[in-house]
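The opening position of the sequence shown corresponds to residue 1 in the UniProt record's numbering, with each subsequent residue numbered one higher.
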Amino acid sequence: MKALLSFLDKGVFRLVSWVTQLLLLSAVAAAFYQVVARFVLQSPADWSEAWSRAALIWTVMLGLCLALRQGAMLSVDVVRLWVGTRTQQWLDVAVLFSCLAFFGLLTWVGIQMTWRVRFQTMPSLEWSISWVYIAIPIGAVLAMLGLLARWVEKPAPAVVDNTQL
1 MKALLSFLDK
11 GVFRLVSWVT
21 QLLLLSAVAA
31 AFYQVVARFV
41 LQSPADWSEA
51 WSRAALIWTV
61 MLGLCLALRQ
71 GAMLSVDVVR
81 LWVGTRTQQW
91 LDVAVLFSCL
101 AFFGLLTWVG
111 IQMTWRVRFQ
121 TMPSLEWSIS
131 WVYIAIPIGA
141 VLAMLGLLAR
151 WVEKPAPAVV
161 DNTQL
């Protein structure tokens with residue numbers, strides 16, 4: 001199990017992190033170019049807005065798996081503080097299965113959406129819009145991997161202001 005976690009952390013999640021960072025950088029660069037082209041050159045580019053939007057969608061969906069892997073997603077920990085240790089374990093399992101079910105549904109719906117729009121193109125880039133929609137199922141599957149990797153690792157609880165969460 002540790003070998004699988006190591007492979008995910010050093011391989012898959014590191015690659016996802018690099019791709020996400022490059023996509024975010026390209027979205028910022030395209031948006032900056034759009035502002036310069038529109039207001040300085042007086043000749044707006046039609047591709048930069050579409051690219052920025054597509055890159056940000058991919059960034060969010062890929063960044064989701066990274067956030068889940070690191071345990072950086074927001075959670076409501078008040079309920080965990082109210083219940084006993086044994087109930088906390090059941091609550092954690094319920095949250096895990098709820099999240100897995102949601103991301104499974106998101107994967108299925110994302111695949112359906114990608115399939116339905118496969119013949120539509122983005123006019124400014126002349127690409128199939130399905131290249132943007134495919135970010136939904138890919139991000140959801142990677143989010144499930146990140147969630148499961150975090151669950152298997154069972155990290156120490158977070159401590160905030162001397163209060164264990």
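Note that beta-carbon positions come from the ideal geometry of N, C-alpha and C, so glycine has one too.
Remember, predicted model here, so these are calculated numbers, not experimental data.
**Report entry** Rounded C-alpha distance that separates Val60 from Ala67
**Finding:** 10 Å
Query raised in the report: Near Trp47, what residues of its chain come up, given a Cβ to Cβ distance below 7 Å and the 5 sequence neighbours on each side ignored?
Result: Ser124, Leu125
**Report entry** Inter-residue Cα distance where the pair is Ala45 and Leu64
**Finding:** 30 Å
Query raised in the report: Around the C-beta of Arg116, are 16 or more other C-beta atoms found within 10 angstroms, so that it is buried, or is it exposed?
Result: The Cβ neighbour count for Arg116, taken over all protein chains shown within 10 Å, is under 16; the residue is labelled exposed.
Query raised in the report: In three-state DSSP terms, what is Ser128?
Result: strand
Query raised in the report: Using the beta-carbon count (16 or more within 10 Å), is Trp58 buried or exposed?
Result: buried
Requested in this report: Give a yes or no on whether the C-beta atoms belonging to Arg69 and Arg150 are separated by under 9 Å.
Outcome: Pairing Arg69 with Arg150 gives a Cβ-Cβ distance under 9 Å.
Query raised in the report: Would you call the segment 103 to 114 and the segment 126 to 146 touching, i.e. three or more CB-CB distances under 8 Å?
Result: yes
Query raised in the report: Do Leu142 and Val40 have their C-beta atoms closer together than 9 Å?
Result: no
Query raised in the report: Taking all protein chains shown into account, do 16 or more other C-beta atoms lie within 10 angstroms of the C-beta of Trp82, making it buried, or fewer, making it exposed?
Result: exposed
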